[in-house]
Amino acid sequence: MNALFSELQWLPGTPPEFSDRLRGIGTLAANLGGEIQALASHALDLNQLTRLAKVIGKAQTEGRALNPLVSFRIAILSNSTVDLLVPALVASAARHGIALEVVQPAYGQVAQDALTPDSKVNSSRPDAVLFALDYRALPIKLSPGDLEGSSATIQGVLGYLQTLRDGIHTNSKAVCIFQTFAPPAESLFGSLDRALPGTMRYLLDEINREVASYVFSSGDVLLDVAGLAEIVGLADWHNTQLWNLAKFSFSDEFIPLYADHVSRIVGAIRGKSSKVLVLDLDNTVWGGVIGDDGLEGIRVAQGDACGEAHLAVQRLALDLRRRGIVLAVSSKNTDEVARTPFDQHPEMLLKLEHIAIFQANWNDKATNIQAIAEELSLGLDSLVFLDDNPVERGLVRKLLPQVSVPELPEDPAWYARTLSAAGYFEAIAFANEDLKRAAYYKDNAKRASLQKQVGGVDAYLASLDMTIQFQPFDTTGRARIVQLINKSNQYNLTTRRYTEPEIAEAEEDLSVFTLQVRLADIFGDNGMISVLICRRAGPDIWEIDTWLMSCRVLGRKLEHMILREVLEHARAAGIERLIGVFLPSDRNKLVVDHYAKLGFTKTNEDASGVTRWELTVASANPEIAPMSVISRGFESSKERIPA
Amino acid sequence: MDEPQIYGRLEEIFANVFDEEAIVLTPELAAKDVDGWDSLAHIRLILTVEKTFKIKLTTTEIGKLQNVGELVGLIKAKT
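In the order they appear, the protein sequences are chains A and B. Quick note, our numbering runs 223 ahead of the 1-based positions in the first sequence. Quick note, our numbering runs 130 ahead of the 1-based positions in the second sequence.
Pasting the structure below:
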């Protein structure tokens with residue numbers, strides 16, 4: 224059995240004080256969620272996961288706050304015994320930032336639970352339903368050599384799965400997570416099984432392919448159990464003794480691995496996947512120490528086993544970058560020396576242009592990694608830090624527990640596989656935008672280093688040579704407006720979602736004031752970066768129904784400039800008061816103080832954290848940031864250049 | 131491995147499986163005597179025993195087990 228996977232070896236080993244810390248959790252006054260996540264982030268075995276889950280369950284029952292863990296309810300429909308899986312899932316989910324609640328219906332009632340509107344599953348209003356089915360759950364009839372019979376079986380299976388899915392969709396609206404099916408380890412003809420229609424392997428191959436395509440078109444989510452079983456080996460995956468004894472779908476050895484994979488998917492649904500890979504250089508990106516060994520001494524060449532191991536790390540980093548993961552460097556080195564291999568070593572795959580932020584200095588790595596997160600305007604939990612040195616790993620884990628830091632084996636031959644096995648960058652969908660993101664953050668980082676050079680923030684902002692452009696909603700901007708309204712989470716005051724017809728209606732409605740904002744700077748056109756909707760809430764009152772901004776342009780005082788524009792139109796329309804509302808979601812903490820920073824006065828706060836704010840139009844005077852202002856499409860259009 | 135050693139390792143295993151430090155193992159101890167020793171905990175116990183002692187029990191052996199004494203006997207025979 225491959226211990227990397229069965230023992231989750233990218234995670235640090237369970238500490239000796241595990242039991243004590245577990246007992247201590249019950250008496251913690253604060254940071255319960257943080258401590259649970261910290262404990263979960265070790266390579267726990269099934270028993271340890273079960274014990275941790277017990278503590279989590281108790282805290283949930285007592286209604287204790289578990290932040291930063293985000294709650295998620297999952298229902299499991301299965302043809303196998305999931306009783307040992309459930310606690311493993313709860314504990315593993317905490318590792319991925321999720322406070323998981325599992326709804327577990329009676330054994331073997333898959334279809335009834337999906338199709339009955341008031342079944343336990345549907346009435347529990349889960350966020351997602353996991354179809355934890357294996358091949359034994361499928362209406363499969365073997366028909367070796369019979370293509371027609373084979374196709375009929377495949378269609379029958381897909382029809383069955385789709386019926387389940389439609390049942391859940393109609394009755395509870397939950398996201399469906401479909402698993403692919405790991406074929407049994409037993410063959411019939413031998414190699415021919417793969418080629419011959421109607422054999423188990425042929426049928427499951429086809430079914431898996433169809434399920435995967437189906438999920439792409441239906442907007443559901445895929446958990447590739449067949450792929451997972453392939454990686455660890457079917458003979459180890461299927462434990463027929465355990466199936467016979469207790470109806471375990473797969474070997475207990477892989478429950479922690481399976482639970483981690485489900486949790487990655489749930490984490491990805493909740494936007495918890497990592498976005499940045501921070502690389503150490505010496506003995507990670509190349510073999511040897513550049514400061515000691517020099518350009519000729521480091522090992523990064525084809526034909527050298529050690530060099531190839533490090534090239535594999537570079538190749539993986541590049542592939543990740545191509546799919547939208549941002550690369551950064553944190554190295555204890557003199558900057559110039561650290562850059563030399565990137566510039567001059569002919570065999571290096573990674574080039575400086577691939578690295579969004581390059582931190583080579585003698586500061587401790589925690590400080591550097593924090594700086595990287597700040598420059599990218601991303602949370603520390605978006606970062607993965609790859610370093611061969613256990614001391615550096617330990618320091619970063621201790622000082623920045625939110626950063627993911629994989630354990631690495633001694634031999635660099637396994638570095639790339641270990642990083643990949645950890646699954647930090649799990650995604651449930653792929654958008655064209657992802658392709659552009661890495662380059663995008665690189666531009667942003669260019670802006671951040673410029674900020675350092677020029678010193679003061681205002682001087683920096685002035686050096687960006689920004690032009691902000693205001694327009695009311697129009698048909699040209701509509702598609703992008705609708706997209707932003709439905710996808711922005713972080714810088715979004717109310718997270719209200721509107722459809723295209725609703726936005727078209729707002730364009731026409733004279734009582735609604737709308738604003739689309741674009742921004743250009745020396746680096747190029749940022750496109751639409753903010754959307755705002757004000758509705759009349761009284762004869763002389765506007766309530767800001769929607770205000771969202773792109774996080775890419777934070778820290779430029781754009782919100783102040785946008786408010787200035789709104790105030791100008793408010794005055795023209797005879798409005799005396801502006802009302803702002805903040806509706807907390809699990810993603811928009813960023814803007815909890817948005818209105819306070821803009822000079823609004825808080826008028827109300829309720830128990831759920833909803834706050835209401837007010838600004839007197841006549842006396843308001845938000846800060847001016849240096850940029851050209853273009854106002855177009857309003858009755859009083861003009862171009863202004865403020866001082 | 132002699133019996134006292136096996137009992138010592140088993141006590142650690144019981145503490146971990148049943149999340150209960152104070153279980154004192156005797157040969158007569160059986161599922162009905164321990165809180166939470168249901169059929170699933172039993173499977174978890176067997177799996178942990180197999181892993182810890184690096185042994186495999188057959189389906190029949192698992193099905194016939196009545197108490198801790200019999201488990202220790204099996205472990206002794208297989209290590």
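Backbone N, C-alpha and C define an ideal beta-carbon position, used for all residues, glycine too.
- Interface partners of Ala-469 of chain A on chain D, CB under 8 Å: The question asks about chain D, but that chain is absent: this structure's protein chains are A and B.
- Could you pull out every residue in the same chain whose Cβ sits closer than 7 Å to the Cβ of Leu-518 of chain A, ignoring the five residues on either side in sequence? Walking along the first sequence from the start, residue 518 of chain A turns up at place 295. Within the same chain, Leu-518 of chain A has close Cβ partners Thr-563, Pro-564, Gln-567, His-568.
- Query: Taking Cβ positions only, does Ile-153 of chain B come closer than 8 Å to chain A?
  - Reply: Stepping through the second sequence from its first residue, residue 153 of chain B is reached at position 23. Cβ-Cβ to chain A under 8 Å: no for Ile-153 of chain B.
- Message: Considering only their Cβ atoms, is the gap separating Gln-713 of chain A from Arg-810 of chain A smaller than 8 Å?
- Response: Your numbering for residue 810 of chain A matches position 587 in the first sequence. Your numbering for residue 713 of chain A matches position 490 in the first sequence. Against a cut-off of 8 Å, the Cβ pair of Gln-713 of chain A and Arg-810 of chain A comes out as a contact.
- Task: Determine whether the Cβ of Gln-283 of chain A lies closer than 8 Å to any Cβ atom of chain B.
- Result: Indexing the first sequence from 1 puts residue 283 of chain A at position 60. No, its Cβ sits nowhere closer than 8 Å to a Cβ of chain B.
- Starting from Glu-324 of chain A and walking both ways along the alpha helix (DSSP H), at which residues does that stretch end? Residue mapping note: residue 324 of chain A aligns to position 101 of the first sequence, counting from 1. Here Glu-324 of chain A belongs to no alpha helix (DSSP H); instead the beta strand (DSSP E) covers 321-326.
- Of the residues A:Asn-302, A:Val-293, A:Ala-311, the one placed nearest Val-278 of chain A, counting alpha carbons only: On the first sequence, residue 278 of chain A is found 55 positions in, with the first residue counted as 1. Selected option, being the one with the closest Cα: A:Ala-311.
- Where does Ala-654 of chain A sit, in a helix, a strand or coil, going by DSSP? Indexing the first sequence from 1 puts residue 654 of chain A at position 431. Coil, per DSSP.
- Compare the beta carbon distance of Gly-134 of chain B and Asn-197 of chain B with 8 Å and say whether it is the shorter of the two. Counting from one through the second sequence, the residue named residue 134 of chain B turns up at place 4. Counting from one through the second sequence, the residue named residue 197 of chain B turns up at place 67. First, the amino acid is wrong: residue 134 of chain B is Pro here, not Gly. No, the pair does not count as a contact, with Cβ atoms beyond the cut-off.
- Message: Please report the distance separating the alpha-carbon of Ala-795 of chain A from that of His-817 of chain A.
- Response: On the first sequence, residue 795 of chain A is found 572 positions in, with the first residue counted as 1. On the first sequence, residue 817 of chain A is found 594 positions in, with the first residue counted as 1. Spanning the two alpha carbons is a distance of roughly 24 Å.
- Does the beta carbon of Asp-306 of chain A come closer than 8 Å to any beta carbon on chain B? Walking along the first sequence from the start, residue 306 of chain A turns up at place 83. Yes, contact with chain B.
- Taking the continuous alpha helix (DSSP H) assigned at Arg-835 of chain A, which residues delimit it? Residue mapping note: residue 835 of chain A aligns to position 612 of the first sequence, counting from 1. Taken as a continuous stretch (DSSP letters only), Arg-835 of chain A belongs to no alpha helix (DSSP H), being part of the beta strand (DSSP E) at 834-839.
- Thinking C-beta only, is Ile-798 of chain A closer than 8 Å to Trp-765 of chain A? By one-based count along the first sequence, residue 765 of chain A stands at place 542. By one-based count along the first sequence, residue 798 of chain A stands at place 575. Yes, the Cβ-Cβ distance between Trp-765 of chain A and Ile-798 of chain A is below 8 Å.
- Output yes if chain A places a C-beta closer than 8 Å to the C-beta of Leu-140 of chain B; else output no. Within the second sequence, residue 140 of chain B is the residue found at index 10, counting from 1. Answer no: the Cβ-Cβ gap between Leu-140 of chain B and chain A never drops below 8 Å.
- Query: Going by C-alpha distance, which of A:Phe-857, A:Met-689, A:Ala-841, A:Gly-832 is nearest Arg-779 of chain A?
  - Reply: Locating residue 779 of chain A in the first sequence gives position 556, where the first residue counts as 1. Of A:Phe-857, A:Met-689, A:Ala-841, A:Gly-832, the residue nearest in Cα terms is A:Met-689.
- If you draw a straight line from the alpha carbon of Leu-541 of chain A to that of Ala-449 of chain A, how long is it in whole angstroms? Locating residue 541 of chain A in the first sequence gives position 318, where the first residue counts as 1. Locating residue 449 of chain A in the first sequence gives position 226, where the first residue counts as 1. If I take the Cα positions, the gap works out to 27 Å.
- Message: Please report whether the beta-carbon of Asn-270 of chain A lies at a distance below 8 Å from any beta-carbon of chain B.
- Response: Stepping through the first sequence from its first residue, residue 270 of chain A is reached at position 47. Judged by the 8 Å Cβ criterion, Asn-270 of chain A is in contact with chain B.
- May I have the straight-line CA-CA distance separating Arg-863 of chain A from Gly-750 of chain A, to the nearest angstrom? To locate residue 863 of chain A, count along the first sequence from 1; it is residue 640. To locate residue 750 of chain A, count along the first sequence from 1; it is residue 527. Bear in mind that a pLDDT of 45 at Arg-863 of chain A, under 50, signals an unreliable position, so the number given afterwards is only what the model happens to contain. Cα-Cα distance, rounded: 20 Å.
- Would you kindly check if the distance between the Cβ of Leu-370 of chain A and the Cβ of Gln-402 of chain A is under 8 Å? On the first sequence, residue 402 of chain A is found 179 positions in, with the first residue counted as 1. On the first sequence, residue 370 of chain A is found 147 positions in, with the first residue counted as 1. No, the Cβ-Cβ distance between Gln-402 of chain A and Leu-370 of chain A is not below 8 Å.
- Message: Below 8 Å on the Cβ atoms is my contact criterion, and I expect Ala-579 of chain A with Leu-599 of chain A to pass it. Report the Cβ-Cβ distance as a whole number of Å.
- Response: If you number the first sequence from 1, residue 579 of chain A lands on position 356. If you number the first sequence from 1, residue 599 of chain A lands on position 376. About 7 Å; that satisfies the 8 Å criterion.
- Measure the C-alpha to C-alpha separation of Val-677 of chain A and Pro-849 of chain A and round it to an integer number of angstroms. As a position in the first sequence, residue 677 of chain A is number 454, starting the count at 1. As a position in the first sequence, residue 849 of chain A is number 626, starting the count at 1. At Val-677 of chain A the pLDDT is 44, less than 50, meaning the model places this residue with poor confidence and gives no usable figure here.
- Item | the region 407-420 of chain A touching the region 431-440 of chain A, judged by at least three CB pairs closer than 8 Å | Touching, no.
- If you pair each beta-carbon of the region 319-333 of chain A with each one of the region 477-495 of chain A, do three or more pairs fall below 8 Å? yes
- Query: Which residues in the same chain have their Cβ closer than 8 Å to the Cβ of Gly-700 of chain A, if we skip the five residues on either side of it in sequence?
  - Reply: Here residue 700 of chain A refers to the residue found at position 477 of the first sequence. Cβ contact annotation for Gly-700 of chain A (same chain, cutoff 8 Å, sequence separation greater than five): Gln-694, Gln-739, Met-751, in chain order.
- Where does Thr-871 of chain A fall in DSSP's three states? The requested residue 871 of chain A is not part of the displayed model; chain A covers only 224 to 866.
- Task: Measure from the C-beta of Asp-149 of chain B to each C-beta in chain A and report whether the shortest distance is under 8 Å.
- Result: For the purposes of this step, residue 149 of chain B is taken as the residue at position 19 of the second sequence. At least one chain A Cβ lies under 8 Å of Asp-149 of chain B.
- Message: What does DSSP give as the partner residue(s) for Gly-490 of chain A in the beta ladder?
- Response: Looking up residue 490 of chain A in the first sequence gives position 267. Looking at the DSSP assignment, Gly-490 of chain A forms no beta bridge with any residue, so it has no partner.
- Message: Between the alpha carbons of Asn-270 of chain A and Gln-593 of chain A, how many angstroms are there, rounded?
- Response: For the purposes of this step, residue 270 of chain A is identified with residue 47 of the first sequence, where counting begins at 1. For the purposes of this step, residue 593 of chain A is identified with residue 370 of the first sequence, where counting begins at 1. Between the alpha carbons of Asn-270 of chain A and Gln-593 of chain A lies a distance of about 35 Å.
- Rounded distance between the beta-carbons of Leu-534 of chain A and Leu-500 of chain A, thought under 8 Å: Taking the first residue of the first sequence as 1, we reach residue 500 of chain A at position 277. Taking the first residue of the first sequence as 1, we reach residue 534 of chain A at position 311. Not a contact, Cβ separation roughly 16 Å.
- Message: Tell me which residue opens and which closes the alpha helix (DSSP H) that Ala-226 of chain A is part of.
- Response: In the first sequence, residue 226 of chain A corresponds to position 3, counting from 1. In this chain, the alpha helix (DSSP H) harbouring Ala-226 of chain A covers 226-229.
- Per DSSP, the bridge partner or partners of Met-772 of chain A: By one-based count along the first sequence, residue 772 of chain A stands at place 549. Met-772 of chain A is bridged to A:Ser-753.
- Interface residues of chain A around Leu-204 of chain B at Cβ under 8 Å? Within the second sequence, residue 204 of chain B is the residue found at index 74, counting from 1. The premise fails here: Leu-204 of chain B is roughly 15 Å from chain A at the closest Cβ pair, so nothing lies under 8 Å.
- Task: Compare the C-beta of Asn-197 of chain B against all C-beta atoms of chain A and say whether one is closer than 8 Å.
- Result: Numbered from its first residue, the second sequence carries residue 197 of chain B at position 67. No - not a single Cβ of chain A is within 8 Å of the one on Asn-197 of chain B.
- Could you check where the alpha helix (DSSP H) with Leu-622 of chain A kicks off and where it finishes? The residue labelled residue 622 of chain A in the question sits at position 399 within the first sequence. Residues 613-622.
- Item | chain B within 8 Å of Arg-244 of chain A, Cβ atoms only | Indexing the first sequence from 1 puts residue 244 of chain A at position 21. No, its Cβ sits nowhere closer than 8 Å to a Cβ of chain B.
- Task: Check whether the region 159-174 of chain B touches the region 243-256 of chain A, taking contact to mean three or more Cβ pairs, one atom from each stretch, closer than 8 Å.
- Result: no
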